[in-house]
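If you're matching positions, the sequence shown starts at 1 in UniProt numbering and goes up one per residue.
Glycine included, C-beta positions come from ideal geometry on N, C-alpha and C.
Fair warning: this is a prediction, and the values are worked out from it, not measured in the lab.
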Amino acid sequence: MYDKDKAMEQLISELQELRAKVNKNIQYPARNDVEEELHRANRALRVLSDCTKTMIKAEDETALLKDICRIMVDVGGYRLAWIGYIENDEHKTVRPIARAGYDEGYVDSLMIALNDPVRGNGPTGICMKTGKPYGSRDVRSDKKMLPWQEDALKRGYLSTLNLPIVYEKHVIGSLAIYSGNEDAFDRGERELLFELAQTLAYGITAIRERVRRRKAEDALRESEERFSYALKAAREGIWDWNMETNEVYYSPRYKEMLGYTEDEIEPHASAWMRLMHPDDRERARLVVDAVVRGEREYEMEFRMLHKDGHYVEILSRGYPIRHGAGGPVTRIVGTHMDITERNRMAEELRKARDGLGVRVRERTAELQQSNDELNAQMEERKRAEEALRESEERFRALADNIPNLAWMANADGWIFWYNRQWYDYTGTTLEEMQGWGWQKVHHPDYVEAVTGEWSASIREGKPYDNIFPLRGKDGNYRWFLTRVTPIKGGDGKIRRWFGTNTDITERKQAEEELLSAQAQAELYLDLMGHDINNMNQVGLGYLEIALQTLKEDGRIEVKDVELLEKPLQSILDSTRLIDNVRKLRSAKSREHQLQTIDLKEILLGIKEQFSKANGRHVTINYAPVGGHVLATGLVKDVFVNIVGNAVKHSDDNKPLEISITQFRVYGTDESYHKIMIEDNGPGIPDELKTRIFNRFERGNTKAKGKGLGLYLVKTLVHEFNGKIWVEDRVSGDYTKGARFVVMLPAV
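Now the structure itself:
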């Protein structure tokens with residue numbers, strides 16, 4: 001910070017020296033001349049004193065220049081004062097920065113350019129080119145003032161003085177002073193005002209150095225803030241190894257990965273070796289030695305001892321930081337990733353991981369405020385820039401280690417940073433991609449929708465997830481899963497957005513192939529369920545009419561009836577099969593909502609339906625019990641299939657007895673209605689009991705069927721959140737008949 005007392009002492013000393021110069025330069029030929037000389041000297045001293053005080057307090061360069069011009073006019077009594085800077089263009093244009101006094105558009109009409117052969121060789125141009133004071137003692141007769149003479153005389157400017165402003169040994173502009181008197185600036189006044197210009201240059205230098213220092217500090221804070229956000233987003237363990245002291249920072253996630261608390265792993269490299277599997281230690285030492293020698297990158301896998309005694313497989317990646325270009329490695333910063341599960345499932349595709357694998361321990365300490373001396377300010381600026389470079393190196397090293405494309409945006413969505421994977425994939429540069437430049441690599445069919453959705457997320461402050469294609473540097477598009485998370489400050493306001501893009505092209509293609517296959521299967525199913533079923537009904541109708549007509553007319557013999565009954569039965573089987581397939585689709589697509597079903601009504605209907613089996617002696621025993629279950633109307637098909645199978649698979653020449661019992665059972669969290677259907681048929685061998693509910697699986701009976709009935713039964717029961725199984729009616733002897741047990745949630 002500025003030491004105002006010290007600066008004031010320095011300026012007072014300068015004023016005393018200048019006053020001595022004034023006294024030295026004053027001649028005493030006459031009293032009036034002496035008084036005029038003293039008046040001018042005192043005026044110049046007041047100007048210099050007021051300007052110096054203003055410079056001590058100044059924080060803004062433009063405001064300082066305006067104040068200097070104002071003091072020239074208000075205190076110095078000059079008619080006009082203005083300050084111009086040299087532009088860095090091909091003409092070396094002089095741009096007015098500040099002005100005060102009687103102007104009336106004069107300064108804006110000057111149009112001075114140092115490379116102009118006419119307008120660049122006036123008093124201002126000569127002063128800036130030579131770096132020395134230059135003026136016009138009489139505007140009326142000075143040829144150097146010809147381009148501006150008429151306008152100057154209209155405003156009463158009769159003499160001028162231009163003083164160079166020097167910054168870092170280069171002339172950057174000048175202070176131009178206009179007087180209403182001819183030859184208004186004697187030698188003493190000129191020297192004092194030249195001293196003022198030199199002091200002004202010192203003030204400008206001090207302000208610019210403070211501005212540079214603040215910018216460096218702001219850049220450092222922004223880098224540290226970005227680095228801090230990256231740490232919060234990381235999901236992997238972070239370590240920072242000081243190679244000179246062997247001290248190591250292990251992040252909380254690093255310790256948690258191994259089952260330890262914050263204080264249970266000492267911050268030293270020996271802890272790393274102690275927890276590593278003995279068989280991996282020598283190889284790890286060799287890798288570290290090779291990295292230090294610059295012979296390879298730091299990446300290796302090893303096993304670490306978990307607190308509970310088992311070993312965790314770790315993938316470790318690191319980035320060596322050297323002391324200067326080609327210097328020794330002073331630190332290695334890296335990540336630890338638990339790859340136990342990934343290695344266990346090595347046969348599957350590795351899934352892209354979200355989040356940054358970053359988390360480091362040290363943060364660059366806040367820079368100490370500098371003193372008022374210019375050399376100290378410049379030194380602190382260098383320290384700030386060095387700290388900024390170091391922080392950015394750590395951030396880049398960690399961010400570029402993750403496999404995803406990643407980026408960061410300001411609160412308004414302006415993207416200012418991408419990781420290396422983004423540039424490697426897209427083949428672009430930051431200049432092309434910053435802001436909203438990412439739209440250039442989006443597919444034209446998606447970019448408008450993505451832009452709208454992303455803008456909505458920014459307005460609402462909500463995370464953004466989407467899937468869309470991005471163009472690679474080879475011109476081809478690949479599908480990416482994009483996830484964007486807002487990063488908020490302590491006040492709850494969004495400070496940054498952090499986004500990742502994960503390549504899911506192969507998964508997307510597999511999903512599209514699956515959807516296409518499903519659509520084709522639905523087409524075949526609809527064709528079978530509608531068109532083929534309609535044709536079956538037509539054929540069935542004609543066959544039934546033909547059989548009935550031939551029988552009534554006596555035109556068919558008994559032995560030939562089978563020739564018509566077999567195709568008739570085949571069509572009936574086909575129709576039932578189609579009906580079962582449609583019911584399966586209905587169950588799996590959950591077209592019907594679960595509702596309360598009266599179980600007694602269903603079972604009484606089953607008893608009535610099958611007690612009248614054509615040509616069969618079937619006895620169905622069922623004592624009605626009240627009860628309701630949670631199911632759909634398809635629950636009737638469960639019992640139709642079970643009882644129908646009992647009839648179909650039994651001996652036609654033997655009476656069939658079927659018993660249906662029902663009662664309620666209670667579990668820990670819910671209750672069921674348990675329905676048992678048992679028969680005295682041929683039974684089901686043990687080897688078929690576990691397979692009989694599979695699709696297209698049939699028993700070893702001679703009865704006809706396509707193997708979908710019991711598969712449909714199992715599917716429906718499961719959709720009702722129930723259970724089903726089959727067992728022997730007489731335990732241990734399957735030939736005595738089967739018992740099907742159905743459990744349905746009670747209401």
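Discussion item. Only counting the same chain, and skipping five residues up and downstream in sequence, which positions put a Cβ closer than 6 Å to that of VAL107?
Written reply: Translated into positions along the sequence shown, residue 107 becomes position 107. These residues qualify, in order along the chain: TRP82, PRO96, ARG99.
Worksheet item: Is it right to say TYR666 is buried, meaning 16 or more other beta carbons lie within 10 angstroms of its own, or is it exposed?
Response: Against the sequence shown, residue 666 aligns to sequence position 666. TYR666 is exposed by the Cβ-count criterion.
Worksheet item: Is the region 142–153 touching the region 179–192, taking contact as three or more C-beta pairs under 8 Å?
Response: no
Worksheet item: Are TYR202 and ASN162 close, meaning C-beta to C-beta below 9 Å?
Response: Along the sequence shown, one-based indexing puts residue 202 at 202. Along the sequence shown, one-based indexing puts residue 162 at 162. For TYR202 and ASN162, no; Cβs fall outside 9 Å.
Worksheet entry | Same chain, Cβ closer than 6 Å to ASP67, five either side skipped, listed in chain order | Within the sequence shown, numbered from 1, the residue matching residue 67 stands at position 67. THR54.
Practice prompt. Locate the beta strand (DSSP E) running through ALA325, then write down its first and last residues.
Written response: The sequence position of residue 325 within the sequence shown is 325, counting from 1. Taken as a continuous stretch (DSSP letters only), ALA325 belongs to no beta strand (DSSP E), as it is neither H nor E.
Worksheet item: Using a Cβ-Cβ cut-off of 7 Å (strictly less than) and excluding sequence neighbours within five positions of ARG281, which residues of its own chain qualify?
Response: Sequence index remark: in the sequence shown, residue 281 carries index 281 (1-based). So the list reads MET273, once near-sequence residues are dropped.
Discussion item. For HIS277 and PHE663, I'd like the C-alpha separation in whole angstroms.
Written reply: Taking the sequence shown and counting its residues from 1, the one referred to as residue 277 is at position 277. Taking the sequence shown and counting its residues from 1, the one referred to as residue 663 is at position 663. For HIS277 and PHE663, the distance between alpha carbons rounds to 60 Å.
Worksheet item: DSSP beta-bridge partners for residue 757?
Response: Beyond the ends of the chain as shown, which are 1 and 747, falls residue 757; an answer cannot be given.
Worksheet item: So which of SER270, TYR249, GLY427 has the shortest CA-CA distance to GLU262?
Response: One-based indexing of the sequence shown puts residue 262 at position 262. For GLU262, the nearest C-alpha among the options comes from TYR249.
Worksheet item: At a cut of 8 Å, does the region 331–343 reach the region 308–316 through at least three beta carbon pairs?
Response: Judged by Cβ distances under 8 Å, the region 331–343 makes contact with the region 308–316, as three or more pairs qualify.
Worksheet item: Expressed to the nearest angstrom, what Euclidean distance is found between the alpha-carbon atoms of TYR711 and LYS255?
Response: Along the sequence shown, read from residue 1 onward, the residue named residue 711 stands at position 711. Along the sequence shown, read from residue 1 onward, the residue named residue 255 stands at position 255. The alpha-carbon atoms of TYR711 and LYS255 are separated by roughly 51 Å.
Worksheet item: Sorted by chain position, which residues of the same chain lie with C-beta nearer than 8 Å to LEU258's C-beta, five sequence neighbours on each side aside?
Response: Here residue 258 refers to the residue found at position 258 of the sequence shown. The answer, listed in chain order, is ILE265, LEU275, MET304, LEU305, HIS306, LYS307, VAL312.
Worksheet entry | Presumed contact (8 Å Cβ cut-off) between PRO469 and PRO486, rounded CB distance | Walking along the sequence shown from the start, residue 469 turns up at place 469. Walking along the sequence shown from the start, residue 486 turns up at place 486. Going by Cβ atoms, the distance from PRO469 to PRO486 rounds to 25 Å, so no, they are not a contact pair.
Discussion item. According to DSSP, HIS443 sits in a beta bridge with which residue or residues?
Written reply: For the purposes of this step, residue 443 is identified with residue 443 of the sequence shown, where counting begins at 1. DSSP output for HIS443 lists no bridge partner at all.
Item to complete: Using a threshold of 9 Å, state whether the C-beta atoms of residue 760 and ALA738 are closer than that.
Response: Residue 760 is absent from the model: the chain starts at 1 and stops at 747.
Fill in: Bridge partners - ALA631, DSSP secondary structure assignment
Mapped onto the sequence shown, residue 631 falls at position 631. Answer by DSSP bridge pairing, in chain order: GLN595.
Worksheet item: Buried or exposed: which applies to ARG496, given that a residue is buried once 16 or more other Cβ atoms fall within 10 Å of its Cβ?
Response: Start at 1 with the first residue of the sequence shown, and residue 496 comes out as number 496. Residue environment for ARG496: buried (at least 16 other C-beta atoms within 10 angstroms of its C-beta).
Fill in: Neighbour-count burial assignment, GLU236, 16 or more Cβ in a 10 Å radius
Residue mapping note: residue 236 aligns to position 236 of the sequence shown, counting from 1. By the 10 Å Cβ count, GLU236 comes out buried.
Worksheet item: Which ranges does the alpha helix (DSSP H) cover as unbroken runs of at least 4 residues, wholly within the region 93–136, from first to last along the chain?
Response: 123–130
Worksheet item: For ASN466, which beta-bridge partners are listed by DSSP?
Response: Within the sequence shown, numbered from 1, the residue matching residue 466 stands at position 466. THR482.
Worksheet item: At what residues does the beta strand (DSSP E) containing GLU61 begin and finish?
Response: As a first step, residue 61 is located in the sequence shown; it is residue number 61 there, counting from the start. Per DSSP, GLU61 belongs to no beta strand (DSSP E); it is in the alpha helix (DSSP H), 61–74.
Worksheet item: Near GLY626, what residues of its chain come up, given a Cβ to Cβ distance below 7 Å and the 5 sequence neighbours on each side ignored?
Response: In the sequence shown, counting from the first residue as 1, residue 626 sits at position 626. For GLY626, where only same-chain residues beyond five positions count, the Cβ hits under 7 Å are LYS600.
Worksheet item: Who are the near neighbours of ARG40 in its chain, counting only those whose CB is closer than 6 Å to its CB and skipping five residues on each side?
Response: To locate residue 40, count along the sequence shown from 1; it is residue 40. Within the same chain, ARG40 has close Cβ partners GLU189.
Discussion item. Give me the DSSP bridge partner(s) of TRP417.
Written reply: Working through the sequence shown from its first residue, we reach residue 417 at position 417. Answer is MET408.
Fill in: Segment limits, alpha helix (DSSP H) that includes PHE747
Locating residue 747 in the sequence shown gives position 747, where the first residue counts as 1. Correcting the residue identity first, residue 747 is Val in this sequence and not Phe. Looking at the DSSP string, VAL747 is not in any alpha helix (DSSP H), and its letter there is neither H nor E.
Discussion item. So ALA411 and ILE494 are supposed to be a Cβ contact under 8 Å. How far apart are they, rounded?
Written reply: Sequence index remark: in the sequence shown, residue 411 carries index 411 (1-based). Sequence index remark: in the sequence shown, residue 494 carries index 494 (1-based). ALA411 to ILE494, Cβ: 5 Å. Contact.
Worksheet entry | Residues bridged to GLY435 (per DSSP) | As a position in the sequence shown, residue 435 is number 435, starting the count at 1. Beta-bridge pairing links GLY435 to ILE415.
Discussion item. Extract the residue ranges of the alpha helix (DSSP H) inside the UniProt domain "Histidine kinase" (635–747), only unbroken runs of 4 or more that lie entirely within it.
Written reply: If we require 4 residues or more, the alpha helix (DSSP H) runs fully inside the UniProt domain "Histidine kinase" (635–747) come out as 635–648, 686–689, 709–719.
Worksheet item: Closest by CA to ILE56, which one among LYS382, ALA206, VAL211?
Response: Indexing the sequence shown from 1 puts residue 56 at position 56. Just measuring C-alpha positions, the residue of LYS382, ALA206, VAL211 sitting nearest ILE56 is ALA206.
Discussion item. Checking 9 Å against the spacing of the C-beta atoms, do ALA113 and THR130 come in under that value?
Written reply: In the sequence shown, residue 113 corresponds to position 113, counting from 1. In the sequence shown, residue 130 corresponds to position 130, counting from 1. In this structure, THR130 does not lie closer than 9 Å to ALA113 by Cβ.
Worksheet item: For VAL329, which residues of its own chain have a beta-carbon under 6 Å away from its beta-carbon, when the five flanking residues on both sides are left out?
Response: If you number the sequence shown from 1, residue 329 lands on position 329. Once the five neighbours on either side are set aside, the close Cβ partners of VAL329 are MET243, VAL292, PRO320, ARG322.
Practice prompt. Give the single residue among LEU656, ALA197, SER671, SER159 whose Cα lies nearest to the Cα of GLY173.
Written response: Taking the first residue of the sequence shown as 1, we reach residue 173 at position 173. Comparing Cα-Cα distances from GLY173 to each of LEU656, ALA197, SER671, SER159, the minimum goes to ALA197.
Fill in: ASN88, DSSP secondary structure in three states
The sequence position of residue 88 within the sequence shown is 88, counting from 1. ASN88: coil per DSSP, three-state reduction.
Discussion item. Alpha carbons only, please: which of TRP438, HIS592, GLU225, GLU295 is nearest the one belonging to GLY490?
Written reply: Here the question's residue 490 lines up with position 490 in the sequence shown. Considering only alpha carbons, the answer is GLU225.
Worksheet item: Residues in its own chain within less than 8 Å of HIS268 by CB, not counting five upstream and five downstream?
Response: In the sequence shown, residue 268 corresponds to position 268, counting from 1. Only residues of its own chain outside the window of five on either side were considered, and among them ASN246, GLU247, VAL248 have a CB closer than 8 Å to the CB of HIS268, listed in chain order.
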